[in-house]
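Trainee:
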Amino acid sequence: MFSKRVMLAVASACLIIGLFGFEFNMFSKQQKAESKQNLIHSLNDAAIHCYAVEGRFPPSLDYLCETYGIYYDHEAYTVFYEIFASNMMPDITVIDREAQ
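Letter by letter, the sequence shown follows residues 0 to 99 in numbering that gives the first Met the number 0.
#1: Does the segment 50–65 touch the segment 76–90, meaning 3 or more C-beta pairs lie closer than 8 Å?
#2: What separation, rounded to the nearest whole angstrom, lies between the Cα atoms of Tyr-76 and Leu-7?
#3: Between His-48 and Asp-72, what straight-line distance do the alpha-carbon atoms span, to the nearest angstrom?
#4: Relative to the C-alpha of Tyr-133, which candidate in Ser-34, Lys-3 and Met-25 has its C-alpha closest?
#5: Which of the three DSSP states, helix, strand or coil, is assigned to Asp-61?
#6: Would you call Leu-14 buried or exposed, if buried means 16 or more other Cβ atoms sit within 10 Å of its Cβ?
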């Protein structure tokens, strides 16, 4: 029915499509990881900036976001912001909601 060349071409096309799909998935995971790291870095930098300007760390995550212009996708990430004292760096934890 089908010649070996046709079957080889179809198999090659399937392999190439599979490889592109795999690479796209890996690229997507890498982008999500970098996005999360950027958010963590931005939150920490803004908290340190607040301490330098105001002499205290931000009292809440909402204050940090409103005053220092931090925006993040609330549907993609959950941010835990725990403050111990106004002169101690808060514990900031970012969790990927898809991983939950």
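All C-beta atoms, glycine included, are put in the ideal place defined by N, C-alpha and C.
Mentor: Let's see:
#1: Enough Cβ pairs lie closer than 8 Å, so yes.
#2: Across the structure, Tyr-76 and Leu-7 are spaced so that their CA atoms are roughly 45 Å apart.
#3: Using only the alpha carbons, I get a separation of about 22 Å.
#4: Not covered by the structure: residue 133. The range shown for the chain is 0 to 99.
#5: When secondary structure is reduced to three states using DSSP, Asp-61 falls in the helix class.
#6: By the 10 Å Cβ count, Leu-14 comes out exposed.
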